[in-house]
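Notes to accompany the following structure.
There are 2 protein chains.
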Amino acid sequence: MGILVVGSIALDRVETPFGSREDALGGACTYFATAASLYAPVHMVGVVGTDFPQAHLDFFRSRQIDLRGVQIVPGKTFRWAGRYGQDLADAETLATELNVFGDFHPVIPDDLRRVPYVFLANIDPDLQIEILSQMANPRLAALDSMNYWMAHKRDSLAKAISKVHVVLLNESEVRLFSGEANLIAGARAILSLGPRALVIKRGEHGAMLILSGGSEANLFMVPAFPVEYVVDPTGAGDTFAAGFMGYLAKTGDLSEAGLRRAVVHGTLVASFTVQDFSIDRLRPLTLQDIEARYSAFRWMTHFEPLSDVDVNRLSRPILA
Amino acid sequence: MGILVVGSIALDRVETPFGSREDALGGACTYFATAASLYAPVHMVGVVGTDFPQAHLDFFRSRQIDLRGVQIVPGKTFRWAGRYGQDLADAETLATELNVFGDFHPVIPDDLRRVPYVFLANIDPDLQIEILSQMANPRLAALDSMNYWMAHKRDSLAKAISKVHVVLLNESEVRLFSGEANLIAGARAILSLGPRALVIKRGEHGAMLILSGGSEANLFMVPAFPVEYVVDPTGAGDTFAAGFMGYLAKTGDLSEAGLRRAVVHGTLVASFTVQDFSIDRLRPLTLQDIEARYSAFRWMTHFEPLSDVDVNRLSRPILA
Numbered sequence: 001m002g003i004l005v006v007g008s009i010a011l012d013r014v015e016t017p018f019g020s021r022e023d024a025l026g027g028a029c030t031y032f033a034t035a036a037s038l039y040a041p042v043h044m045v046g047v048v049g050t051d052f053p054q055a056h057l058d059f060f061r062s063r064q065i066d067l068r069g070v071q072i073v074p075g076k077t078f079r080w081a082g083r084y085g086q087d088l089a090d091a092e093t094l095a096t097e098l099n100v101f102g103d104f105h106p107v108i109p110d111d112l113r114r115v116p117y118v119f120l121a122n123i124d125p126d127l128q129i130e131i132l133s134q135m136a137n138p139r140l141a142a143l144d145s146m147n148y149w150m151a152h153k154r155d156s157l158a159k160a161i162s163k164v165h166v167v168l169l170n171e172s173e174v175r176l177f178s179g180e181a182n183l184i185a186g187a188r189a190i191l192s193l194g195p196r197a198l199v200i201k202r203g204e205h206g207a208m209l210i211l212s213g214g215s216e217a218n219l220f221m222v223p224a225f226p227v228e229y230v231v232d233p234t235g236a237g238d239t240f241a242a243g244f245m246g247y248l249a250k251t252g253d254l255s256e257a258g259l260r261r262a263v264v265h266g267t268l269v270a271s272f273t274v275q276d277f278s279i280d281r282l283r284p285l286t287l288q289d290i291e292a293r294y295s296a297f298r299w300m301t302h303f304e305p306l307s308d309v310d311v312n313r314l315s316r317p318i319l320a
Numbered sequence: 001m002g003i004l005v006v007g008s009i010a011l012d013r014v015e016t017p018f019g020s021r022e023d024a025l026g027g028a029c030t031y032f033a034t035a036a037s038l039y040a041p042v043h044m045v046g047v048v049g050t051d052f053p054q055a056h057l058d059f060f061r062s063r064q065i066d067l068r069g070v071q072i073v074p075g076k077t078f079r080w081a082g083r084y085g086q087d088l089a090d091a092e093t094l095a096t097e098l099n100v101f102g103d104f105h106p107v108i109p110d111d112l113r114r115v116p117y118v119f120l121a122n123i124d125p126d127l128q129i130e131i132l133s134q135m136a137n138p139r140l141a142a143l144d145s146m147n148y149w150m151a152h153k154r155d156s157l158a159k160a161i162s163k164v165h166v167v168l169l170n171e172s173e174v175r176l177f178s179g180e181a182n183l184i185a186g187a188r189a190i191l192s193l194g195p196r197a198l199v200i201k202r203g204e205h206g207a208m209l210i211l212s213g214g215s216e217a218n219l220f221m222v223p224a225f226p227v228e229y230v231v232d233p234t235g236a237g238d239t240f241a242a243g244f245m246g247y248l249a250k251t252g253d254l255s256e257a258g259l260r261r262a263v264v265h266g267t268l269v270a271s272f273t274v275q276d277f278s279i280d281r282l283r284p285l286t287l288q289d290i291e292a293r294y295s296a297f298r299w300m301t302h303f304e305p306l307s308d309v310d311v312n313r314l315s316r317p318i319l320a
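Protein chains in written order, with our numbering: chain A, 1 to 320; chain B, 1 to 320.
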């Protein structure tokens, strides 16, 4: 089933210890759509300027990505410049030029309002709410955000969070938004706003899935897939979301087992993304490549068979 | 089957953001023996001064720990003082008084030379070699070490490593000893010296097991068990080794599956250790407590049943 994604489409300047790129195709919507298109039909909603290279639009079309929701308006495309240090952790932002993205108000074309999977990439939470209000009862809506909105639009973000099924944040964002040093306590605070699940992205340390409700610790953890060299971490979080949403949209499995496997797919897709600049590692990537890494990852992480009781419990639907 | 452990027995002064302790029972041998005694008979080899409190010796005896290899000599017991910052990562060493430990030469009593499981805690690698030469072909010998010996006795340490089946190091030690920034490449370099397996302790980020040989990535990874508050990380590595060796000695299972479960036991025992100062959390700990955490951990980390092929492969003996 289809996935609608709203977010930035950008031209990036990126510096890492492995080199640098100018005018690289970037933006959360770009990364997400490119990776998610391996799993399911993707509908992009965003904006670019008239300077946006035709080759990039052609690339999206070559992935069967629906661009009817992408506005092309007079002016310059959103640009971001960032630099990563030797540890390849958080980027230092060198420049942000909103350009046409500054006045962006997403309008969802009528025939896309029933797309069942919706991913709200990191944008102004007021826009995230605007988009959700245009969608007809999605089967699964998820959002990402960042520290900027937590500091400047906390109430709007809390409202947006209360309207989605799944929230994806990184470790420091969970601590910042919740004010809790302990990650599990922070997760509980965010889940108390309404979402059914929180996915915590932990970079090279993997990811966690915390489900709301229940007296037990509804906690699932995976390490990151080990890659020999991280070349450029840009887009790791967006393509994590793409693997996660893509797996769910492809399988329709909204059980706990489905969500767990979706987290693994997120982890694995991100592990490919960071192995090259921009979306370059994703261009030749196939679902078979991801499945091969999935088998290797299962082998690397399991130490016991699951009991029948566990398997049954994992199979119960927990969303929709 | 029994485990012989050689290492420091100490009185520690520890400061953490949660408080401080004076004259706390510590030392690698102490931590290891206390935790491993939950799994199997433990034989301690070490040295204390005449100032060492009788109550501590009585405690060891209450755990059925064999103290025939512990020398009590005139002088003061080894003392260590350290401080942990807000992140509870590596300790800053404030003071080290070797005292009677400075002249320690371990002599293994005759009837302990056939103990089948041997753990060489972090001590001078020349002493580790001395001890191994006194042991009669142990079923499993493992060692720990630290950055000091890597800097000052590199050749001796390489020789000691070549004589054991399993090496346990933390992440930064693997990088330091191997000179490789990439952990897997560093692991390969260490395994090329002869050991069958390397366990990499990663603190709050879990642990890895890398086996030598084979064309596949013989890699197993677990996250750390999430604990709400880390009170004092001292002894986490030593009790990781205790859970690892204890599980193997108790079950005798030296298959890959056995080693993986042993890594999980190491992770879990360490997760208890850090929840209080000194060995205080280990005093009331039972195997049932560890098994309960083991079940929870399996639940938290698995996302697929293992195939029969995987289970068969994991069951093949890989040591002895």
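Beta carbons are placed, not taken as given, at the ideal position from N, Cα and C, and that holds for glycine.
Checking the sheet assignment: what are the DSSP bridge partners for residue i?
| i | result |
| --- | --- |
| lysine 159/A | Answer is none; lysine 159/A lacks a bridge partner. |
| glycine 26/A | Ala10/A |
| phenylalanine 78/B | Ala10/B |
| glycine 49/B | Val73/B |
| histidine 43/A | Leu4/A, Asp66/A |
| proline 317/B | Ser255/B |
Which bits of chain B does residue i rub up against, with CB to CB less than 7 Å?
| i | result |
| --- | --- |
| tryptophan 299/A | Asp310 |
| isoleucine 65/A | Within 7 Å Cβ-Cβ: nothing; isoleucine 65/A doesn't reach chain B, min ~29 Å. |
Which bits of chain B does residue i rub up against, with CB to CB less than 8 Å?
| i | result |
| --- | --- |
| methionine 343/A | With chain A running from 1 to 320 in the structure shown, residue 343/A is simply not present. |
| isoleucine 290/A | Within 8 Å Cβ-Cβ: nothing; isoleucine 290/A doesn't reach chain B, min ~14 Å. |
| proline 305/A | Pro305, Leu306, Val311 |
Would you verify that the beta carbon of residue i is, or is not, closer than 8 Å to some beta carbon of chain A?
| i | result |
| --- | --- |
| arginine 261/B | yes |
| glycine 206/B | yes |
| glutamate 180/B | no |
| valine 14/B | no |
Classify residue i: buried if its beta carbon has 16 or more other beta carbons within 10 angstroms, exposed otherwise.
| i | result |
| --- | --- |
| aspartate 144/B | buried |
| glycine 203/A | buried |
| aspartate 238/A | buried |
| phenylalanine 18/B | exposed |
| alanine 242/A | buried |
| histidine 105/B | exposed |
| arginine 113/A | exposed |
| serine 307/A | exposed |
| alanine 151/A | exposed |
| serine 215/B | Caution applies to serine 215/B, whose pLDDT of 46 falls short of 50 and renders its modelled position unreliable; the value that the coordinates give is listed next. Its Cβ having fewer than 16 others within 10 Å, serine 215/B is exposed. |
| glutamine 128/B | buried |
| aspartate 12/B | buried |
| threonine 50/B | exposed |
| glutamate 291/A | exposed |
| glutamate 304/A | buried |
| glycine 235/B | buried |
| asparagine 137/B | exposed |
| glycine 7/A | buried |
Can you determine whether any heavy atom of the ligand PLP sits closer than 7 Å to the C-beta of residue i, and answer yes or no?
| i | result |
| --- | --- |
| leucine 248/A | You won't find the ligand PLP in this model; it holds no ligand whatsoever. |
Does residue i get closer than 8 Å to chain B when you measure Cβ to Cβ?
| i | result |
| --- | --- |
| asparagine 122/A | no |
| valine 166/A | no |
| proline 233/A | no |
| serine 215/A | Since pLDDT at serine 215/A reaches only 46, below the 50 mark, its modelled position is unreliable, and the value read off the structure follows with that caveat. False, the Cβ-Cβ gap to chain B never drops below 8 Å. |
Going along chain B in order, which residues have a C-beta closer than 9 Å to the C-beta of residue i?
| i | result |
| --- | --- |
| proline 116/A | Simply none; closest approach about 23 Å. |
Going along chain A, which residues have a C-beta under 8 Å from residue i?
| i | result |
| --- | --- |
| isoleucine 184/B | Pro226, Glu228 |
Identify the contact partners of residue i in chain A, using a Cβ-Cβ distance below 7 Å as the criterion.
| i | result |
| --- | --- |
| valine 269/B | Those do not exist, as valine 269/B stays about 15 Å from chain A at its closest Cβ, beyond 7 Å. |
| valine 264/B | Phe303 |
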